[in-house]
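Note that the protein sequences, when read in sequence, are chains W and P. If you're matching positions, the first sequence starts at 1 in our numbering and goes up one per residue. If you're matching positions, the second sequence starts at 713 in our numbering and goes up one per residue. Heads up, the beta-carbon is just placed ideally off N, CA and C, and yes, glycines get one too.
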Amino acid sequence: MTPPLPPTKPAPSTRASAPVYGLVGNPNCGKSTLFNALTGLKQKVGNYPGVTVERKIGTAYTQHGQPLTLIDLPGTYSLAARSPDEAVTRDVLLGRRTDTAMPDRIVCVVDATNLERNLYLVHQILDLGRPVILVLNMIDVAEELGMRIDTARLEQLLGIPVIACAASSGRGVIELKLTLSRSDLPLSRHAWGVPAAIAPAVSELQASLQENDGKPPLIARAEALLLLTDRDSVRVAGSTALAPRTQEILSSWEKRWAAAGTDWAAELVNARYDSIGKLTAEVVGQDSATPVGPSVSDRIDAWVTHPVWGWAIFGTIMAAMFLSIFTLAGIPMGWIESLMGALSTWVSGLIPAGDLHDLVIDGAIAGVQGVIIFLPQIIILFFFIGLLESTGYMARAAFIMDRMMSRVGLNGRSFIPLLGSYACAIPGIMATRTIEQPKDRLVTILVAPFMSCSARLPVYLLLIAAMVPTSEVPLGTKVGLMLLMYSLGTFGAFGFAWFFKKTLLRSAPPLMIMELPPYRLPGVRDVAQQMAERAGIFVKRAGTVILGLSIVLWFLATYPKAPEGTPKEQALAHSFAGQAGHALEPVIAPLGFDWRIGIGLINSFAAREVFNSAMSVIFAVETSDDEEADAGHLRDALQAAVRTDGSKLFTPLVCLNLMVFYVFAMQCLSTVAVVKRETNSWRWPLFQLGYMTGFAWGLCLVIYQVGRVLGY
Amino acid sequence: MFTDWQTPLALLVVAVTLTLLIRGAWKKRQKPGCGGNCGCPSQEFKGRIKK
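Printed below as a string of structure tokens:
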């Protein structure tokens, strides 16, 4: 049975000015690139109320300067939502959300290289009876693959504007803007056959949705079709519930079909795919000159995703990254050190000896220098991350990790937030919103902070430098130590994920279908811009938060002042920071840490890299009477530091233990706050704080005590 | 003698810094998230390089 055709007359714009467009599409179809190309920096990013799904709204301008509002909706493969962000897309398009109006018009972005799969969502959206513009994005890639898409015929068959576009190069964007500014966008003429067994249910549900839920006729029909495939399993805050009568009708039909053995959902899905198959057969052709067979990407993937070679390549890339961090950063680090030294000398000449002098030199400059000196390493790290993302390798890394993830009860979908956590746990935790199963999402949130973030890098670098003298130890040892720290965090995350999936958050292991984008040449401008942005953020952070904390730390390490003539170490012990360090010492002494390290650990809760600032402030305070040590580097100061019994404080065992503590301990208040927001409770962040820090303490206790027994 | 004027000035700098840090933390509490301060890329740029 074929449902009645929707009207074909032009749809009047529902608003006199600034029509609202919803931008929808499958994940990885280039929707966000197009959104950025249309709106530039005129974007407002927030959350949908009550649900932690990002809402991006931007303003685009037509060729005549008229403003248009664009809502970038989360990517989804169909309106049958499986995760909170997909549910938001579905609810906005169906007008279920009270906080977001239904868009006047919809821009469907599809990946031209995967037209058949992408058209499933378009097919569902055309049922909504709203004016739709179809954008065939990545048309350049499709052409390179020898695909010929007859856009004019597609436009004719669907009855809506179809724009061929390559958002990354700007091709087709002007045509799209011209289409967006049209006031007479037509409604689709597409028709498809709803299976006869399902059609009466669609009609009955449509009538109830119109009558009891107040839906317009076409939206009611689209929602009826969706209810019969989606079963409305994922609901999020802000989404209005269905009327009881509609629920009753749905349940009665489901019971009837179940008794008759009718797989109603599969029948509907197959009917849609039949319709899409006919459409694509008519508009998509393959250039006969193009050789058929595996593409370049496929040939590379045969190696990169190989069960053995894939891991070897992954390990080589990681080793190359850390080797570059150690070898290439030396010269610029020297420049920064000289610059800070010159600044220190200049300020010393301006301010005579006294508290203000000490605050500026030993507090502000020393504290900031302890962090800013690692800027070159941060830039190199993000150069590699940008390069791997830009070429498409990151998706392959997730793919090879999927095998390991499945053994711990998670899938590659969880690895993408974990990969993001190498930069910072906060965006990683926010990226878990795409995980369908709530328990899997929670497990991923609980283990994400184990991945070594960029704030840990300066701490590792300082401790490795203090642990192994440059001249005596081969570079490979340092690279190996760094790889060990990153691996410890990664395997720790996997181990705890496995444990939680077996105990607290038991659930069936999920399946993952993942799309590997084709390899691309890295976008030099994008990678450079990313590096510049990261460097800017790092410098800004060093110049604001780290500077502020260094000044406060100097105060805590100086006041209350000990009587005149007190030795420096006793004066530090007398200070607020010293007292706090001493209070913590009984807990950390079995790990080989003394009260001065305790001060660093306490301060790391504000930001992990403040450990370096704390060490700079503490050891500058301690050695300010000692000309030689004053002139030395922080690394030398740590290597020279001794305990009260005269033994070395930063032995290789203590340095290693401290790094292990930083790998596993939860020392980031911002992450605690974000976990609280994402889980909507204090229970899970407090649990996370307790189990991570407790595990770090226990493991470090074992390492130190065993190390001592073995004579280290 | 120099210490006399340097000590209150140093304490004033500390007090102002502490106030600014608390104010920043309070503002962040009202708008939680990394706020671009954690080293992660801005959302718009992240979108550009990933898609």
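As assigned by DSSP and simplified to three states, the class of residue i
i	result
residue 160(W)	coil
residue 187(W)	coil
residue 287(W)	coil
residue 37(W)	helix
residue 602(W)	helix
residue 61(W)	strand
residue 21(W)	strand
residue 82(W)	coil
residue 715(W)	Since the displayed chain W opens at 1 and closes at 712, residue 715(W) lies outside it and no answer follows.
residue 501(W)	helix
residue 166(W)	strand
residue 56(W)	strand
residue 255(W)	helix
residue 479(W)	helix
residue 506(W)	coil
residue 171(W)	strand
residue 728(P)	helix
residue 278(W)	helix
residue 561(W)	coil
residue 215(W)	coil
residue 642(W)	strand
residue 97(W)	strand
Cβ-Cβ separation, residue j to residue i (assumed contact under 8 Å), whole Å
i	j	result
residue 176(W)	residue 163(W)	5 Å
residue 764(W)	residue 547(W)	This structure does not reach residue 764(W), given that chain W is present from 1 up to 712, and the question cannot be answered.
residue 429(W)	residue 534(W)	With a Cβ gap of about 19 Å, residue 429(W) and residue 534(W) do not count as contacting.
residue 106(W)	residue 132(W)	5 Å
residue 425(W)	residue 451(W)	7 Å
residue 435(W)	residue 414(W)	6 Å
residue 664(W)	residue 536(W)	About 30 Å; that fails the 8 Å criterion.
residue 128(W)	residue 23(W)	Going by Cβ atoms, the distance from residue 128(W) to residue 23(W) rounds to 15 Å, so no, they are not a contact pair.
residue 638(W)	residue 594(W)	Wrong, their Cβ atoms sit about 12 Å apart, outside the cutoff.
residue 720(W)	residue 92(W)	The first residue shown for chain W is 1 and the last is 712, placing residue 720(W) beyond what the model contains.
residue 284(W)	residue 149(W)	6 Å
residue 713(W)	residue 373(W)	Limits of chain W in this structure are 1 at one end and 712 at the other, which puts residue 713(W) out of reach.
residue 440(W)	residue 507(W)	7 Å
CB contact below 8 Å: residue i versus chain P
i	result
residue 38(W)	no
residue 574(W)	no
residue 163(W)	no
residue 306(W)	no
residue 450(W)	no
residue 551(W)	yes
residue 326(W)	no
residue 548(W)	yes
residue 694(W)	no
residue 555(W)	yes
residue 354(W)	yes
residue 359(W)	yes
Burial state of residue i, where buried means 16 or more other Cβ atoms lie within 10 Å
i	result
residue 206(W)	buried
residue 708(W)	exposed
residue 625(W)	Here the model assigns residue 625(W) a pLDDT of 44, short of 50, so the residue's position is not dependable, and the following value carries that caveat. Classification of residue 625(W): exposed, given that the 10 Å Cβ count is below 16.
residue 396(W)	buried
residue 282(W)	exposed
residue 331(W)	exposed
residue 702(W)	exposed
residue 464(W)	buried
residue 437(W)	buried
residue 298(W)	exposed
residue 408(W)	buried
residue 100(W)	buried
Cutoff 8 Å: residue i Cβ touching any chain C Cβ
i	result
residue 368(W)	No chain C appears in the structure shown, which is made up of the protein chains W and P.
Chain W contact for residue i (CB, 8 Å cutoff)
i	result
residue 739(P)	no
Runs of beta strand (DSSP E) wholly within the stretch 105-151 of chain W (minimum 3 residues, chain order): 105-111, 132-137, 147-149
4 or more residues per run - each alpha helix (DSSP H) lying fully within the stretch 306-392 of chain W: 309-328, 330-350, 355-358, 366-372, 375-391
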